[in-house]
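Participant: Residue numbers (this note's numbering), protein chains in the order written: chain A, 3 to 116; chain B, 188 to 301.
Cβ coordinates follow ideal geometry from the N, Cα and C atoms, glycine included.
#1: Is the beta carbon of residue 129(A) less than 8 Å from the beta carbon of residue 38(A)?
#2: Between which two residues does the beta strand (DSSP E) harbouring residue 54(A) extend?
#3: Answer with yes or no whether the minimum CB distance from residue 104(A) to chain B is below 8 Å.
#4: Could you name each continuous alpha helix (DSSP H) segment of 4 residues or more that falls completely within the region 189-270 of chain B, going from the start of the chain to the end?
#5: Closest Cβ-Cβ distance between residue 80(A) and chain B: below 8 Å?
#6: Can you name the residues of chain C whose CB is closer than 7 Å to the CB of residue 55(A)?
#7: Taking residue 238(B) as the reference, give the member of 275(B), 251(B), 246(B) with the closest Cα.
#8: Can you find at least 3 beta carbon pairs, one from the region 35-51 of chain A and one from the region 206-220 of chain B, that sit closer than 8 Å?
#9: What does DSSP give as the partner residue(s) for residue 297(B) in the beta ladder?
#10: Following the continuous beta strand (DSSP E) through residue 288(B), name the residue where it begins and the one where it ends.
#11: Tell me which residues of the region 227-257 of chain B have at least one Cβ-Cβ distance to chain A shorter than 7 Å, keeping chain order.
#12: Give me the residue from 75(A), 65(A), 8(A) with the minimum Cα distance to residue 56(A).
#13: Going by Cα to Cα distance, which pick from 296(B), 282(B), 287(B), 292(B) is closest to residue 271(B)?
#14: Between the region 63-75 of chain A and the region 98-113 of chain A, can you find at least three pairs of beta-carbon atoms closer than 8 Å?
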């Protein structure tokens with residue numbers, strides 16, 4: 003079945019650091035990928051829709067300058083958390099799939115900002 | 188915007204008891220998907236329902252999509268300890284140009300006591 007790889011799995015870094023998270027579709031091409039954020043025991047909150055070759059579409063309340071998304075190829079989208087602070091600590095997860103097909107999720111990235 | 192409400196938030200059952208989680212959307216859906224997330228893991232796709240009134244079964248799991256395509260349920264018969272996890276519904280809004288993005292319910296955390 004379709005596989006989505008997300009890297010890294012864990013990040014622990016100092017406040018003020020920028021962190022890049024990669025999401026790759028390994029066996030299919032994804033023109034659209036989605037980035038979510040999940041707090042403990044809560045649901046997945048969509049942050050943005052990543053579109054290959056064009057600007058990402060951000061959900062209301064998500065700072066686009068804070069969470070930079072790049073989708074330069076049909077198999078790779080990246081999320082960069084710029085100048086991360088402790089409140090940015092969370093579980094970030096990407097997904098990919100065709101328009102009306104099930105989404106395949108990456109393993110997620112646990113980000114801890116000290 | 189679109190909202191997807193899911194109840195209950197928590198469910199504790201004894202092994203062998205049945206379990207049901209309910210999902211209700213504020214808007215008509217083109218389809219609804221169900222995911223299971225184990226503690227520490229990422230959401231794993233279970234099933235997609237597309238047709239009004241559709242019922243699908245996977246072994247002990249029964250999924251239903253309402254006639255109005257605004258609500259859905261997941262029923263597990265005779266729960267086992269391996270059923271532990273959080274069950275999410277996720278709906279795609281009918282029509283529009285939302286790139287197929289999903290709106291997740293809050294999830295139901297299922298605990299099964301042996």
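Facilitator: In this structure, then:
#1: Examination of residue 129(A) is not possible in this model, given that chain A is present from 3 through 116 alone.
#2: For residue 54(A), there is no enclosing beta strand (DSSP E), since its DSSP letter is neither H nor E.
#3: So, interface residue.
#4: Secondary structure within the region 189-270 of chain B: not one fully enclosed alpha helix (DSSP H) run of 4 or more consecutive residues is present.
#5: It does not; no Cβ of chain B falls within 8 Å.
#6: Among the chains of the structure shown, chain C does not appear; the protein chains present are A and B.
#7: For residue 238(B), the nearest C-alpha among the options comes from 251(B).
#8: The answer is no - the region 206-220 of chain B does not touch the region 35-51 of chain A, with fewer than three Cβ pairs under 8 Å.
#9: The partner list for residue 297(B) (beta bridge, DSSP) reads 198(B), 272(B).
#10: Where residue 288(B) is concerned, there is no enclosing beta strand (DSSP E), given that its DSSP letter is neither H nor E.
#11: Here the close residues are 229, 230, 232, 235.
#12: Considering only 75(A), 65(A), 8(A), the residue with the shortest C-alpha distance to residue 56(A) is 75(A).
#13: Per the Cα distances, 296(B).
#14: Flag = no, the region 98-113 of chain A and the region 63-75 of chain A do not touch.
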